[in-house]
Amino acid sequence: MSSVERRRVRSESSSTALHLLLEACRARGGYDAVVVADANGYLVGASTSARGDARELASDLRLPPSAARHALVQVPFRVMDQLLYVGALGAGRAAELALAVFGARRILAS
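In terms of my numbering, the sequence shown is residues 3 to 112.
Here it is, written out as structure tokens:
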């Protein structure tokens with residue numbers, strides 16, 4: 003059985019690979035921006051954002067939705083013992099956020 007390579011652009015750098023993953027998920031899912039942040043709201047990685055500052059979006063992920071400045075979809079996940087969040091700004095396809103979590107976990111664990 004042959005495997006089909008889905009990625010068109012690859013990188014040996016984990017930060018570049020994470021950016022490319024988040025940008026692809028943003029574009030395919032129809033989101034304005036997709037970010038990964040830690041539990042303290044520090045930016046780990048981000049897509050190219052159509053609006054807003056990625057650091058500001060990341061900091062909103064640690065706040066309750068009622069206190070956040072942006073309406074973000076939040077998906078928590080763990081890499082090793084660290085709690086991280088994928089956050090997406092705008093309306094889009096939820097399946098792309100699942101792919102972002104799966105890919106971010108793979109990239110950050112390596």
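The beta carbon of each residue, even a glycine, is placed where N, CA and C say it ideally should be.
I'd like the list of long-range same chain contacts for residue i, defined as Cβ closer than 8 Å, with 5 residues on each side in sequence excluded.
i	result
Glu58	Arg71, His72
Less than 6 Å between C-beta atoms, sequence neighbours within five positions excluded: which residues of the same chain meet that for residue i?
i	result
Ser16	Ile109
Ser51	Ala35
Ala111	Val81
Between residue i and the rest of its own chain, which residues show a CB-CB distance below 7 Å, the 5 nearest in sequence each way excluded?
i	result
Arg30	Glu98
Val77	Tyr87, Val88, Leu99, Val103
Gly94	Gly31, Gly32, Tyr33
Since residue i and residue j should fall inside the 8 Å C-beta cutoff, what is the C-beta to C-beta distance between them, to a whole number of angstroms?
i	j	result
Leu24	Val38	7 Å
Where does residue i land, buried or exposed, given buried means 16+ other C-beta within 10 angstroms?
i	result
Tyr87	buried
Glu7	Interpretation of Glu7 is limited by its pLDDT of 39, a score under 50 that renders its predicted location unreliable; the figure taken from the coordinates is listed afterwards. Classification of Glu7: exposed, given that the 10 Å Cβ count is below 16.
Tyr33	buried
Asp62	buried
Leu85	exposed
Ala41	exposed
**OP:** Run through the segment 51 to 107 for me and flag every whole alpha helix (DSSP H) of 4 or more residues, listed as ranges in chain order.
**Re:** If we require 4 residues or more, the alpha helix (DSSP H) runs fully inside the segment 51 to 107 come out as 56 to 62.
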